[in-house]
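Undergrad: From first to last, the protein sequence lines stand for chains C and S.
Counting from 7, one number per residue, gives the positions in the first sequence under the working numbering.
Counting from 116, one number per residue, gives the positions in the second sequence under the working numbering.
What follows is a structure written as structure tokens; I'll ask about it next.
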Amino acid sequence: MPPSRATHPAKRHHWIVRVTHWVNFVALTLMVATGLRIFNAYPAFARKGERFCCYPFEGREIPSALTFGGWLAGARNWHFAIMWVLVINACVYVGFIYLHGEWRDLVPRRGDIRDSWEMLKFYTFARKDHPIQGKHNALQKGAYFALPIVGLIAVLTGLAIWKPVELSLLTNLFGGYVWARYWHFLAMLALVVLTVVHVFMVFAVDPYSLRSMITGRYDESKSPERRNARPLWWKKPDHPPPNTDHPAPIA
Amino acid sequence: MIDRRRFIEISGASLTAAFLAACDSMGPAGAKKLLSYVEKKNEGVERFLLRHTSMDHARRNAKIAGNAFPTYFVSDTMPMWDTATDGEWTLQVDGAVKKPVRLTLDQLAALPRRSQVVNHYCVEGWNAVAKWTGVRMSDLARLVQPTSDAQYVDFASFDSDYHESWDMESAMHPQTLVAYAMDGRWLGVNHGAPARLHSPVKLGYKNTKYLVRITFMPERNGGYWSDRGYEWFGGT
Numbered sequence: 007m008p009p010s011r012a013t014h015p016a017k018r019h020h021w022i023v024r025v026t027h028w029v030n031f032v033a034l035t036l037m038v039a040t041g042l043r044i045f046n047a048y049p050a051f052a053r054k055g056e057r058f059c060c061y062p063f064e065g066r067e068i069p070s071a072l073t074f075g076g077w078l079a080g081a082r083n084w085h086f087a088i089m090w091v092l093v094i095n096a097c098v099y100v101g102f103i104y105l106h107g108e109w110r111d112l113v114p115r116r117g118d119i120r121d122s123w124e125m126l127k128f129y130t131f132a133r134k135d136h137p138i139q140g141k142h143n144a145l146q147k148g149a150y151f152a153l154p155i156v157g158l159i160a161v162l163t164g165l166a167i168w169k170p171v172e173l174s175l176l177t178n179l180f181g182g183y184v185w186a187r188y189w190h191f192l193a194m195l196a197l198v199v200l201t202v203v204h205v206f207m208v209f210a211v212d213p214y215s216l217r218s219m220i221t222g223r224y225d226e227s228k229s230p231e232r233r234n235a236r237p238l239w240w241k242k243p244d245h246p247p248p249n250t251d252h253p254a255p256i257a
Numbered sequence: 116m117i118d119r120r121r122f123i124e125i126s127g128a129s130l131t132a133a134f135l136a137a138c139d140s141m142g143p144a145g146a147k148k149l150l151s152y153v154e155k156k157n158e159g160v161e162r163f164l165l166r167h168t169s170m171d172h173a174r175r176n177a178k179i180a181g182n183a184f185p186t187y188f189v190s191d192t193m194p195m196w197d198t199a200t201d202g203e204w205t206l207q208v209d210g211a212v213k214k215p216v217r218l219t220l221d222q223l224a225a226l227p228r229r230s231q232v233v234n235h236y237c238v239e240g241w242n243a244v245a246k247w248t249g250v251r252m253s254d255l256a257r258l259v260q261p262t263s264d265a266q267y268v269d270f271a272s273f274d275s276d277y278h279e280s281w282d283m284e285s286a287m288h289p290q291t292l293v294a295y296a297m298d299g300r301w302l303g304v305n306h307g308a309p310a311r312l313h314s315p316v317k318l319g320y321k322n323t324k325y326l327v328r329i330t331f332m333p334e335r336n337g338g339y340w341s342d343r344g345y346e347w348f349g350g351t
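Shown next as structure tokens:
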């Protein structure tokens with residue numbers, strides 16, 4: 007048994023990546039929740055006197071338990087403050103992974119589509135063994151690469167509806183105020199879906215990676231590839247750490 | 116004793132509880148100061164972005180809202196100027212100006228006229244297209260000649276204590292009108308008759324309806340919604 011593996015797991019995430027990850031989590035949650043509260047002031051997209059083609063829930067409010075800010079003005083004040091945290095944090099993250107080289111683990115490469123297909127086959131039991139992967143599998147790479155791009159769209163459409171007159175070029179690029187507001191909503195939805203799937207997969211496929219986003223260390227012997235891990239379906243790691251029991255609480 | 120794992124569990128649980136309790140709240144009281152600080156900074160950004168050359172245009176395929184144009188007022192009943200009890204309606208333009216004036220509706224309508232089909236952007240998120248006819252604020256300013264210390268303009272109404280103060284630059288934007296007609300007809304009582312402020316460069320709540328007084332000022336004096344938590348600048 008190679009002792010170095012279990013006791014000294016390899017460093018996986020730089021502290022800048024870890025800090026920006028969790029700042030992003032908090033900022034994104036607040037942006038979505040305050041955004042939904044703002045949306046509830048007019049939970050529709052149609053220009054007054056018109057109909058809107060492409061939203062089936064026109065006029066229906068979002069449950070207030072999913073919102074934050076208490077009322078329209080409160081939510082706006084939060085939204086327009088946290089937006090800076092989100093943007094600055096995103097710039098730090100993207101700037102860092104560009105300068106530090108981590109972008110190489112995320113950019114799409116030839117073969118990613120084939121590898122994604124193989125991952126899907128594996129997850130649906132159409133393939134027995136886990137495809138060989140690098141730091142991330144092909145589906146993960148796709149998601150992590152898409153996230154900053156969708157984020158950028160969310161920021162640009164947000165600017166377009168914040169300043170539809172002063173930044174009318176941008177607003178018109180998205181098809182005018184009504185459509186920019188719609189794209190802003192869809193970008194939010196895409197971010198939420200990506201995040202929910204991401205969190206589910208962390209717990210369902212690779213809970214050991216949670217540690218790597220906190221302490222930075224990752225035990226490769228427990229990687230999904232080693233465990234042949236599908237969502238909620240994997241075998242125990244080959245080499246369990248020496249002591250996984252809770253120490254008995256002292257009364 | 117609490118080991119590390121237990122600590123993470125407890126703090127995770129309490130963080131989650133705090134987070135759920137925060138749903139739809141206005142957030143911690145201490146955040147208020149920080150939020151108003153950021154609002155001030157955002158105002159700087161908004162002022163920086165403001166251009167007198169950036170114009171709002173209703174999209175070519177956009178419908179005039181007409182009767183679908185929402186209306187609101189803050190008094191208990193719809194404010195109506197009654198000449199029998201209130202006398203003739205006049206618009207007073209005064210404050211830090213060389214030549215204060217008091218204009219009747221006829222006098223106002225005799226000033227250079229300007230019509231525009233533009234968006235109305237409500238803070239709630241909707242927009243509505245209408246054709247507004249009236250006098251440019253910049254033309255009114257030429258008439259009264261503001262002094263050099265005039266940096267803000269207050270627009271007051273006869274709808275209770277409703278008023279909103281503006282920065283000079285937004286007030287002097289060529290699309291900022293004192294409007295007395297909408298969609299080719301005299302302004303209706305539900306839209307702020309006899310005259311109202313209308314500009315696409317500010318959110319709806321900054322555009323005072325039931326206008327009676329325009330005051331140029333060296334300092335800002337807040338506004339009805341601005342004093343109730345909405346951004347003072349409210350630019351688009």
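In this text, a Cβ means the ideal position worked out from N, Cα and C, and glycines have one as well.
Remember, predicted model here, so these are calculated numbers, not experimental data.
Measure the CB-CB distance between C:Arg66 and C:Met219 and report whether it falls below 8 Å.
TA: Indexing the first sequence from 1 puts residue 66 of chain C at position 60. Indexing the first sequence from 1 puts residue 219 of chain C at position 213. Cβ atoms of C:Arg66 and C:Met219: not closer than 8 Å.
Undergrad: Cβ atoms of S:Leu206 and S:Gly247: under 8 Å apart, would you say?
TA: Taking the first residue of the second sequence as position 1, residue 247 of chain S is located at position 132. Taking the first residue of the second sequence as position 1, residue 206 of chain S is located at position 91. Inspection of the sequence shows that residue 247 of chain S is occupied by Trp rather than by Gly. Going by C-beta atoms, S:Trp247 is not nearer than 8 Å to S:Leu206.
Undergrad: Considering only residues of the same chain and omitting the five flanking positions on each side of S:Glu284, which have a CB-CB separation below 8 Å?
TA: On the second sequence, position 169 is the one that residue 284 of chain S refers to. Hits under 8 Å: Arg162, Leu165, His167.
Undergrad: Go ahead and pull the three-state DSSP assignment for C:Val113.
TA: Counted from its first residue, the first sequence places residue 113 of chain C at position 107. In the structure shown, C:Val113 sits in coil (DSSP, three-state: anything other than H, G, I, E or B).
Undergrad: Is it buried or exposed, C:Ile119, if we count other Cβ atoms within 10 angstroms and call 16 or more buried?
TA: To locate residue 119 of chain C, count along the first sequence from 1; it is residue 113. That one is exposed.
Undergrad: Should C:Asn234 be flagged as near chain S, meaning a C-beta pair shorter than 8 Å?
TA: In the first sequence, the residue the question calls residue 234 of chain C occupies position 228. So, not an interface residue.
Undergrad: So, at 7 Å on beta carbons, what are the nonlocal neighbours of C:Pro9 in its own chain, with the 5 sequence-adjacent residues on each side left out?
TA: Within the first sequence, numbered from 1, the residue matching residue 9 of chain C stands at position 3. Legend: pLDDT at C:Pro9 = 46, less than 50; position of this residue unreliable, no value from coordinates given.
Undergrad: Within its chain, find whatever has a CB closer than 6 Å to the CB of S:Met252; leave out the 5 residues flanking it on each side and keep chain order.
TA: For the purposes of this step, residue 252 of chain S is identified with residue 137 of the second sequence, where counting begins at 1. Hits under 6 Å: Ala286, Thr291.
Undergrad: Judging by CA-CA distance, which residue of S:Glu203, S:Pro215, S:Tyr236 is the nearest neighbour of S:Asp221?
TA: Residue mapping note: residue 221 of chain S aligns to position 106 of the second sequence, counting from 1. Per the Cα distances, S:Glu203.
Undergrad: Spatial neighbours of S:Trp340 within its chain, please: C-beta separation below 6 Å, excluding the five flanking residues on both sides.
TA: Within the second sequence, residue 340 of chain S is the residue found at index 225, counting from 1. So the list reads Tyr320, once near-sequence residues are dropped.
Undergrad: In chain order, what are the residue ranges of uninterrupted beta strand (DSSP E) at least 3 long that sit wholly in the stretch 278-347 of chain S?
TA: Complete beta strand (DSSP E) runs here, min 3: 278-282, 292-297, 311-313, 326-332.
Undergrad: From what residue to what residue does the alpha helix (DSSP H) around C:Ala144 run?
TA: Here residue 144 of chain C is taken as the residue at index 138 of the first sequence, counted from 1. Start and end: 144-168.
Undergrad: Just curious, the beta strand (DSSP E) that S:Ser275 is in, first and last residue?
TA: For the purposes of this step, residue 275 of chain S is taken as the residue at position 160 of the second sequence. Looking at the DSSP string, S:Ser275 is not in any beta strand (DSSP E), and its letter there is neither H nor E.
Undergrad: Using the three-state DSSP reduction, which class does S:Trp241 fall into: helix, strand or coil?
TA: Along the second sequence, one-based indexing puts residue 241 of chain S at 126. Coil.
Undergrad: So that I know if they touch, is there some Cβ in chain C lying closer than 8 Å to that of S:Asp171?
TA: The residue labelled residue 171 of chain S in the question sits at position 56 within the second sequence. True, the Cβ-Cβ gap to chain C drops below 8 Å.
Undergrad: Helix, strand or coil for S:Ser140? Go by DSSP, reduced to three states.
TA: On the second sequence, position 25 is the one that residue 140 of chain S refers to. In this structure, S:Ser140 counts as coil in the three-state DSSP scheme.
Undergrad: Quick one, which residues of the stretch 173-184 of chain C are near chain S if we go by CB-CB under 8 Å, in chain order?
TA: Residues passing the 8 Å Cβ filter: Leu173, Ser174, Gly182, Tyr183, Val184.
Undergrad: Kindly list, in the order they appear in chain C, the residues whose Cβ is closer than 8 Å to that of S:Glu154.
TA: The residue given as residue 154 of chain S occupies position 39 in the second sequence. Simply Asn83, Phe86, Ala87.
Undergrad: So S:Met269 and S:Val189 are supposed to be a Cβ contact under 8 Å. How far apart are they, rounded?
TA: As a working mapping, residue 269 of chain S is identified with position 154 in the second sequence. As a working mapping, residue 189 of chain S is identified with position 74 in the second sequence. In the sequence as presented, Met is not what sits at residue 269 of chain S; that position holds Asp. With 8 Å as the limit, S:Asp269 and S:Val189 do not qualify as a contact, their Cβ atoms being about 16 Å apart.
Undergrad: Let's test the definition: count the other Cβ atoms within 10 Å of the Cβ of C:Val174 and tell me whether it reaches 16, buried, or not, exposed.
TA: Stepping through the first sequence from its first residue, residue 174 of chain C is reached at position 168. Residue 174 of chain C is actually Ser in this sequence, not Val. With 16 or more other Cβ atoms within 10 Å, it is buried.
Undergrad: So, is the C-beta of S:Asn234 closer than 8 Å to a C-beta in chain C?
TA: Counting from one through the second sequence, the residue named residue 234 of chain S turns up at place 119. Judged by the 8 Å Cβ criterion, S:Asn234 is in contact with chain C.
Undergrad: Leaving out five residues on either side along the sequence, give the residues of the same chain with a beta carbon under 6 Å from the beta carbon of S:Asn336.
TA: The count along the second sequence starts at 1 and reaches residue 336 of chain S at position 221. Here the set comprises Asp269, Ser280.
Undergrad: Under 7 Å: does the beta carbon of S:Phe348 sit that close to some heavy atom of the ligand NAP?
TA: Although the ligand NAP was asked about, the structure shown includes no ligands whatsoever.
Undergrad: Quick check: the stretch 179-189 of chain C against the stretch 136-155 of chain C, are there 3 or more CB pairs under 8 Å?
TA: As far as the Cβ criterion goes, the stretch 179-189 of chain C does not touch the stretch 136-155 of chain C, which means the pair count is below three.
Undergrad: Quick one: using the 10 Å Cβ neighbour count with 16 as the cut-off for buried, is C:Met7 buried or exposed?
TA: Position 1 of the first sequence, counting from 1, holds the residue named residue 7 of chain C. For C:Met7, the predicted structure reports a pLDDT of 45, less than 50, and the residue's modelled location is therefore unreliable. A value from the coordinates is still provided. C:Met7 is exposed by the Cβ-count criterion.
Undergrad: In this structure, how does DSSP classify S:His248 when only helix, strand and coil are distinguished?
TA: Along the second sequence, read from residue 1 onward, the residue named residue 248 of chain S stands at position 133. Contrary to the premise, residue 248 of chain S reads as Thr rather than His in this sequence. S:Thr248 falls in the strand class under three-state DSSP.
Undergrad: Could you tell me whether any Cβ in chain S is nearer than 8 Å to the Cβ of C:Ala193?
TA: Here residue 193 of chain C is taken as the residue at index 187 of the first sequence, counted from 1. No, because no Cβ of chain S sits closer than 8 Å to the Cβ of C:Ala193.
Undergrad: Would a check of beta-carbon distances place C:Lys241 closer than 8 Å to chain S?
TA: For this step, residue 241 of chain C is matched to residue 235 along the first sequence. Not an interface residue.
Undergrad: Tell me, please, which residues DSSP counts as bridged to S:Tyr236.
TA: One-based indexing of the second sequence puts residue 236 of chain S at position 121. S:Tyr236 pairs with S:Asn242.
Undergrad: How many angstroms separate the CA atom of S:Gly344 from the CA atom of S:Ser230?
TA: Along the second sequence, one-based indexing puts residue 344 of chain S at 229. Along the second sequence, one-based indexing puts residue 230 of chain S at 115. C-alpha separation (whole angstroms): 33 Å.
Undergrad: Kindly identify the DSSP beta-bridge partner or partners of C:Tyr104.
TA: As a working note, residue 104 of chain C is residue 98 in the first sequence. C:Tyr104 pairs with nothing; no bridge assigned.
Undergrad: At the 8 Å Cβ level, is C:Met7 part of the contact set with chain S, yes or no?
TA: Walking along the first sequence from the start, residue 7 of chain C turns up at place 1. Reliability of the predicted coordinates at C:Met7 is poor, the pLDDT of 45 falling under 50, and no value is obtained from them.
Undergrad: Can you list, in chain order, the residues of its chain whose CB lies under 6 Å from that of C:Ala50, leaving out five sequence neighbours each side?
TA: Taking the first sequence and counting its residues from 1, the one referred to as residue 50 of chain C is at position 44. For C:Ala50, where only same-chain residues beyond five positions count, the Cβ hits under 6 Å are Glu64, Gly65.
Undergrad: Can you tell me which residues form a DSSP beta bridge with S:Pro261?
TA: For the purposes of this step, residue 261 of chain S is identified with residue 146 of the second sequence, where counting begins at 1. DSSP output for S:Pro261 lists S:Val212 as bridge partner(s).
Undergrad: Measuring alpha carbon to alpha carbon, tell me which residue in C:His106, C:Gly41, C:Asp212, C:Arg232 is nearest S:Glu239.
TA: One-based indexing of the second sequence puts residue 239 of chain S at position 124. Comparing Cα positions, the closest option is C:Gly41.
Undergrad: Which residues of chain C have a Cβ atom closer than 7 Å to the Cβ of S:Ala177, listed in chain order?
TA: In the second sequence, residue 177 of chain S corresponds to position 62, counting from 1. Arg53, listed in chain order.
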